[in-house]
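Here the structure comes first, spelled out in structure tokens, and everything after it is commentary.
Protein chains: 2
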Amino acid sequence: MNQPAPPPRRTTLADVARESGVSVALASIVMRGAEGASEASRLKVKAAAQALGYRPDSRARALRSLRSGLLGVSLRLDEPFHAELVDEIYAAAEEHGYEVVLGAVGKHRSEARALEGLADSGCEAILAIAASGTRAELAAVDAGLPLVSLLREVPGIDSVCTDDASGMDQAVAHLVGLGHRRIFHLDGGDAVASAERRSAYLAAMERHSLGDLARVLPAGADEREGAAAAGRLLADPRHPAPSALVVFNDRCALGVVDALERAGLEVPADISVVGFDDSQFARLAHIGLSSVRQDVAALARAAIERAVARLAGQGPGLQWHAPALVVRNSTGIAPVS
Amino acid sequence: MNQPAPPPRRTTLADVARESGVSVALASIVMRGAEGASEASRLKVKAAAQALGYRPDSRARALRSLRSGLLGVSLRLDEPFHAELVDEIYAAAEEHGYEVVLGAVGKHRSEARALEGLADSGCEAILAIAASGTRAELAAVDAGLPLVSLLREVPGIDSVCTDDASGMDQAVAHLVGLGHRRIFHLDGGDAVASAERRSAYLAAMERHSLGDLARVLPAGADEREGAAAAGRLLADPRHPAPSALVVFNDRCALGVVDALERAGLEVPADISVVGFDDSQFARLAHIGLSSVRQDVAALARAAIERAVARLAGQGPGLQWHAPALVVRNSTGIAPVS
DNA sequence: AGCAGAAACTAGAACGTTCTAGAAGGATCG
DNA sequence: CGATCCTTCTAGAACGTTCTAGTTTCTGCT
Chain A
1 MNQPAPPPRR TTLADVARES GVSVALASIV MRGAEGASEA SRLKVKAAAQ
51 ALGYRPDSRA RALRSLRSGL LGVSLRLDEP FHAELVDEIY AAAEEHGYEV
101 VLGAVGKHRS EARALEGLAD SGCEAILAIA ASGTRAELAA VDAGLPLVSL
151 LREVPGIDSV CTDDASGMDQ AVAHLVGLGH RRIFHLDGGD AVASAERRSA
201 YLAAMERHSL GDLARVLPAG ADEREGAAAA GRLLADPRHP APSALVVFND
251 RCALGVVDAL ERAGLEVPAD ISVVGFDDSQ FARLAHIGLS SVRQDVAALA
301 RAAIERAVAR LAGQGPGLQW HAPALVVRNS TGIAPVS
Chain B
338 MNQPAPPPRR TTLADVARES GVSVALASIV MRGAEGASEA SRLKVKAAAQ
388 ALGYRPDSRA RALRSLRSGL LGVSLRLDEP FHAELVDEIY AAAEEHGYEV
438 VLGAVGKHRS EARALEGLAD SGCEAILAIA ASGTRAELAA VDAGLPLVSL
488 LREVPGIDSV CTDDASGMDQ AVAHLVGLGH RRIFHLDGGD AVASAERRSA
538 YLAAMERHSL GDLARVLPAG ADEREGAAAA GRLLADPRHP APSALVVFND
588 RCALGVVDAL ERAGLEVPAD ISVVGFDDSQ FARLAHIGLS SVRQDVAALA
638 RAAIERAVAR LAGQGPGLQW HAPALVVRNS TGIAPVS
């Protein structure tokens, strides 16, 4: 077999030190911008580093210093909305001087493995986006190093979430304001946050004295499940047709809108649809979907701040972020019936 | 300010060794499953590790051994198709005994930074998905450690791509077989692979003696740009309406289909549409989009194999993977004109 | 000139692991 | 019974960095 060629040993701090005629310790001081070096040596060392193409070895650095400066983030690869969040997390982490390490969850990689991997790679804390693990599993991770749950409230664990109750309330209020009364909810099945949104919807309907008209229909988290649910809805003779739908998330809502239009209904003339997330993704989608916007940047920032606070010795907390309804073209006044 | 609490030092190999009454070296042997330990000590050490909740520190491990066992992967967060590829890469990497480190590119993080980050974290090689950097930039990275470019052919750099020419040819052939002649291409603008697909389209049209009917219209890589391009197409009186469109990718095609249907055209009765990628994402989307499928698993596997080969001293190469047209409901026989 | 105090610098240990080289303890064999 | 060979085990160096505890050099002041 082919013997792996010995890699051309990367240049080390010792090389830089030798080249610039100073000690390794001083070179280290210069490279990490600590104080205690004269301007003259700073220049010398930096020049040498530049010349040799020196790049500090982050593993060695992390190994020695207690702080690794690493923040782990677990996310589902197949959720575009998570990706948006991660992008903001990068920005927020940088401001706090942290590097981000990603742990992907997908068909071929379980959440448990992802979290394990993050812990092993020396992260100081972990942000878990829409973690699906049980409370006990997450608590076990949290025992090892601070865990912040994003988009899902987990009792006993630091959580940063959107206030689904407020979001649902805004959606329902908006529709009621347009004259709708028969407002149904298509839920997210067993997706994270589905239960919360479901009960938030019921509470909102109750609050508008429409409790007896409330209906929850099972749907899911993606386009196909949305389209399927819309199909079932139209075919089902048991209940009178709704004039508006509040859907678990944007992807599902997109499927719903599409299925409705295919069936010959006009959105919003015949039926209004509200999504949830206001994902970039849904904004792109031609259809101007009215949606409950989660403040991605604020969520990201808050999550990082919670992690930093935990690292500073603070206990876990729970944070709600207010969403804001964004009205576009998928909602309109209720048809006269 | 709040002083960071001293983290509760994680248990180390030395702890395990002490607990089980053996040397650190032996404990190491057991933990990494190397040979040279008796069954008895294996049991002892494993038990102790279990009891103490020991988890090896991957940084220390990587620092010492020449092989880090790490493979870096850069990807765009806002491209769901990249996510699919990454998931397969996880699977393939595992088979080869490698761990995957992700380097995300997004609004707040440039590709250069992502690649730098991967190199610094000690990856042995890097897979860059749809790298946007110039040839020189990528060559510079490749000088440091093996780089494999996925989805984009970069001269002089190891590349694993889909054979766009074949894909386009299948798409055009399929449409021609259905009686279409006026087949236009909506391109990807400045997206990676856009130029390749554009010329592949032109070549395919030529091959079917339809060169003089070929038209390339500027579009883009996402839904909105697709919808916009479709709008422009319908409004433009300069050329006779096409009976079929071959679109840069699925996302764009979805926007196109939607805009066409909104404009009152029926797909495929009035006009056929073919996408490219056959992304999971597009498959979900209710609309059954006919699309040129890139073999994600094969691409992932091949990329990993190239990386491993490079690590074993082999020179860079170029690999084409044959795509396969998947016919669904967005293509049909040409309308009589 | 002498001295204190700061500023600049350095030797060497440490981080947690793997790896090399070799030591101890049996077996096997002539 | 001594030599030879496994097998099992261990001490200690090494990886590239940071950190601690000095040591040297500079500066200003009497």
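If you read the protein sequences in the order shown, they are chains A and B.
So for the first sequence, this note's numbering puts the first residue at 1; every next one is plus one.
So for the second sequence, this note's numbering puts the first residue at 338; every next one is plus one.
Using N, Cα and C, we set each Cβ at its ideal position, and we do this for glycine too.
Treat the numbers as computed from the prediction; the structure is a model and nothing was measured.
So, at 6 Å on beta carbons, what are the nonlocal neighbours of residue i in its own chain, with the 5 sequence-adjacent residues on each side left out?
| i | result |
| --- | --- |
| residue 77 of chain A | 104, 106 |
| residue 355 of chain B | none |
| residue 278 of chain A | 291, 293, 326 |
| residue 20 of chain A | 44, 45, 48 |
| residue 81 of chain A | 277, 279 |
| residue 496 of chain B | 486, 490, 655 |
| residue 102 of chain A | 73 |
| residue 133 of chain A | 111 |
| residue 259 of chain A | 227, 230, 231 |
Please work out which residues of its chain come closer than 8 Å, Cβ to Cβ, to residue i, disregarding the five sequence neighbours upstream and downstream, and give them in chain order.
| i | result |
| --- | --- |
| residue 619 of chain B | 587, 588, 590, 591, 612, 626, 628 |
| residue 272 of chain A | 175, 178, 180, 243, 244, 245, 290, 330, 331, 332, 334 |
| residue 347 of chain B | 392, 394 |
| residue 138 of chain A | 128, 131, 147, 149, 154, 157 |
| residue 302 of chain A | 160, 319, 321 |
| residue 434 of chain B | 406 |
| residue 42 of chain A | 30 |
Does DSSP classify residue i as helix, strand or coil?
| i | result |
| --- | --- |
| residue 628 of chain B | strand |
| residue 248 of chain A | coil |
| residue 606 of chain B | coil |
| residue 57 of chain A | coil |
| residue 151 of chain A | coil |
| residue 298 of chain A | helix |
| residue 402 of chain B | coil |
| residue 520 of chain B | strand |
| residue 279 of chain A | coil |
| residue 536 of chain B | helix |
| residue 11 of chain A | coil |
| residue 497 of chain B | strand |
| residue 312 of chain A | coil |
| residue 336 of chain A | coil |
| residue 192 of chain A | coil |
| residue 353 of chain B | helix |
| residue 4 of chain A | Low confidence applies here, because residue 4 of chain A scores a pLDDT of 41, under 50, leaving its location unreliable; read the following figure in that light. Note: residue 4 of chain A maps to coil in three-state DSSP. |
Hey, could you find the ends of the beta strand (DSSP E) residue i is sitting in?
| i | result |
| --- | --- |
| residue 215 of chain A | 215–217 |
| residue 321 of chain A | 318–321 |
Could you please give the first and the last residue of the uninterrupted alpha helix (DSSP H) stretch that includes residue i?
| i | result |
| --- | --- |
| residue 73 of chain A | Here residue 73 of chain A belongs to no alpha helix (DSSP H); instead the beta strand (DSSP E) covers 70–76. |
| residue 27 of chain A | 24–31 |
| residue 324 of chain A | Counting along the chain, residue 324 of chain A falls outside any alpha helix (DSSP H), though it belongs to the beta strand (DSSP E) covering 324–326. |
| residue 376 of chain B | 376–389 |
| residue 372 of chain B | Note, residue 372 of chain B: premise wrong, no alpha helix (DSSP H); not H, not E. |
| residue 570 of chain B | 560–572 |
| residue 600 of chain B | Residue 600 of chain B -> no alpha helix (DSSP H), and no H or E assigned at all. |
| residue 474 of chain B | 472–481 |
Go through its chain and collect everything with a Cβ distance to residue i's Cβ below 7 Å, but skip five positions before and after it.
| i | result |
| --- | --- |
| residue 49 of chain A | 16, 31 |
| residue 665 of chain B | 625, 626, 627 |
| residue 164 of chain A | 193, 196, 197, 200 |
| residue 307 of chain A | 71, 125, 127, 146, 148 |
| residue 633 of chain B | 421, 422, 425 |
| residue 503 of chain B | 659, 660 |
Is residue i near the ligand ATP, judged by its Cβ being under 7 Å from some heavy atom?
| i | result |
| --- | --- |
| residue 250 of chain A | Among the components of this structure there are no ligands whatsoever, and the ligand ATP is therefore not found. |
| query | In chain order, which beta strand (DSSP E) runs of at least 3 residues are fully inside the stretch 92–131 of chain A? | reply | 99–105, 125–129
| task | Taking 8 Å as the threshold, find out whether the stretch 205–212 of chain A comes into contact with the stretch 356–365 of chain B through three or more Cβ pairs. | result | no
| request: Inspect the CB distances between the stretch 108–115 of chain A and the stretch 421–429 of chain B and report whether three or more fall short of 8 Å. | output: yes
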